[in-house]
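*Asks:* Pasting a structure here, questions to come.
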């Protein structure tokens, strides 16, 4: 339940247009709901300002259908990440009002209007086309959380002039998410150019010595550019979540 929905419900009780018993029934599953296959945290938006997200890996299609169905019934926006194509196809067929993105491996059901709450644009940059799945996950998540989002792709250090061609976008962004694999050098470059906070996302892209993203992770953690924060390998969702809190400022709401 969103804060606005709770305010409307309390106002209705106060005005006499909703009786206490009806209001109690609507609030019964407010903290969480036991859906059999998961304990769904309906209270998270009130507590943290952002709804629970469904992580798709490790869950069966049937479990996902149940969980997402219960979340849809509560009227909020729904995001599920890390969905293999076969699971995405099941969700798309079951809930045609949603949208599965095969590149980002996300499924989004939009039931409430997106309200911009941030101080500015979240810019998502990826070093190469191979990094796009993680960058797109970050962009979709950031948009769903109410951020204006812009994207730059394939502007890595192998052709750094491609990045410099977008200097105005770099300077105007409130928060920048930089997604890169291989040696993970791009966040350091961007961090040396702008005043905005940088959230670096290492990807598992790269040849053997990239060690599935560990080389990029260590490179980003050892950045000599100030203001670079690093999330886990391939964690576009986590980067977007952090960017949202930074962009909203104060208590993240």
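Numbering (this note's numbering), first residue to last: 1313 to 1565.
Glycine residues also receive a C-beta, built at the ideal position from the N, C-alpha and C atoms.
1) Mind checking residue 1408: buried by the 16 CB within 10 Å criterion, or exposed?
2) Does DSSP classify residue 1537 as helix, strand or coil?
3) Please state whether the Cβ-Cβ distance between residue 1483 and residue 1469 is less than 9 angstroms.
4) Just to confirm before moving on: does the CB-CB distance between residue 1435 and residue 1402 stay below 9 angstroms?
5) Keeping to the same chain, check which residues put their C-beta closer than 6 angstroms to that of residue 1546; ignore five residues upstream and five downstream.
6) I need the straight-line Cα distance from residue 1361 to residue 1426, nearest angstrom please.
7) Across the segment 1518 to 1530 and the segment 1549 to 1562, are there enough close Cβ pairs to call them in contact, namely three or more that are closer than 8 angstroms?
8) Using CA coordinates, which residue listed in 1498, 1363 and 1559 is at the minimum distance from residue 1422?
9) If you follow the alpha helix (DSSP H) that residue 1379 is part of, which residue opens it and which one closes it?
10) Closest to residue 1384 by C-alpha separation, out of 1485, 1441, 1476 and 1410, would be which residue?
11) When you compare only the Cα positions, how much space is there between residue 1327 and residue 1320?
12) Taking the C-alpha atoms as reference points, what is the distance between residue 1365 and residue 1456?
13) Considering only the alpha carbon of each residue, which of 1450, 1440 and 1453 lies closest to residue 1465?
14) Could you pull the start and end residues of the beta strand (DSSP E) that residue 1397 belongs to?
15) Return the CA-CA distance between residue 1540 and residue 1557, expressed in angstroms with no decimal places.
16) Locate the alpha helix (DSSP H) running through residue 1553, then write down its first and last residues.
17) Between which two residues does the beta strand (DSSP E) harbouring residue 1517 extend?
18) For residue 1537 and residue 1504, I'd like the C-alpha separation in whole angstroms.
*Replies:* In this structure, then:
1) The residue is exposed, with fewer than 16 neighbouring Cβ atoms inside 10 Å.
2) DSSP places residue 1537 in the coil class of the three-state scheme, outside both helix and strand.
3) no
4) No. Outside cutoff.
5) If we look at residue 1546 and ignore the five residues flanking it on each side, its Cβ neighbours are 1446, 1515 and 1516.
6) 13 angstroms
7) no
8) 1363
9) Looking at the DSSP string, the run of the alpha helix (DSSP H) that includes residue 1379 is 1373 to 1385.
10) Here the closest residue by C-alpha is 1410.
11) 10 angstroms
12) 11 angstroms
13) Closest by alpha carbon: 1440.
14) No beta strand (DSSP E) holds residue 1397; the alpha helix (DSSP H) holding it covers 1397 to 1406.
15) 16 angstroms
16) 1548 to 1560
17) Annotation for residue 1517: no beta strand (DSSP E) segment contains it, and DSSP assigns it neither H nor E.
18) Approximately 6 angstroms between the Cα atoms of the pair.
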